[in-house]
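Single-structure report; data block below.
In this note's numbering, the protein residues as written are 1147 to 1332.
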């Protein structure tokens, strides 16, 4: 009886270990996918400079290259939790709001706005991919037990939800700006 229990326990531990290794590998592949999407955006931006559509010294180029490089670096070098923390910190910073406002007002190049929009969508997708279960659990927790709002404030998940909403708002602003630029070009 004890040997059976011990063997079952060892098998169960091995199965859980295998599952954890598999999940780790899946997360690495997912991060590689996002990193390559950011690389593709950076390549589009570089091609725009080569084609003469934007200047390498322009504000839009500097903003985009810095933001894309920042996101590539964070996806590349840190854990999933750290990636989310860095994305939340960046997208909740006052400078990000100023930069989006400046881009919607000053950027005339439709292709640049399209890259900014794609960048924001990709960042939001990464944020949602890594925290959708937690955000749903958070909503359920607050609905079921109103007293848990205190726990929510301390958890940091509220920041992720706020960040996602803020990114969606910026995506809407950029989509409107892009539509307006397209309309003026036609």
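Where is the CB? At the ideal position from N, CA and C, for every residue including glycine.
The alpha helix (DSSP H) enclosing residue i, as first and last residue numbers
| i | result |
| --- | --- |
| residue 1173 | 1148 to 1196 |
Cβ distance (whole Å) where residue i is taken to contact residue j below 8 Å
| i | j | result |
| --- | --- | --- |
| residue 1177 | residue 1221 | 5 Å |
| residue 1207 | residue 1195 | 7 Å |
| residue 1272 | residue 1180 | 5 Å |
| residue 1168 | residue 1191 | Going by Cβ atoms, the distance from residue 1168 to residue 1191 rounds to 35 Å, so no, they are not a contact pair. |
Same chain, Cβ closer than 7 Å to residue i, five either side skipped, listed in chain order
| i | result |
| --- | --- |
| residue 1162 | none |
| residue 1155 | none |
| residue 1264 | 1187 |
Chain-order list of residues whose beta-carbon lies under 6 Å from that of residue i (same chain, five-residue window excluded)
| i | result |
| --- | --- |
| residue 1214 | 1184, 1187, 1188 |
Any non-hydrogen atom of the ligand ZN closer than 7 Å to residue i Cβ
| i | result |
| --- | --- |
| residue 1171 | Absence of the ligand ZN from the depicted structure is noted, as is the absence of any ligand whatsoever, leaving it without description. |
Beta-carbon proximity list for residue i, same chain, < 8 Å, skipping 5 on both sides
| i | result |
| --- | --- |
| residue 1267 | 1317 |
>> Counting beta carbon pairs with one atom in the stretch 1254 to 1265 and one in the stretch 1190 to 1202, are three or more of them shorter than 8 Å?
In response: As far as the Cβ criterion goes, the stretch 1190 to 1202 touches the stretch 1254 to 1265, which means the pair count is three or higher.
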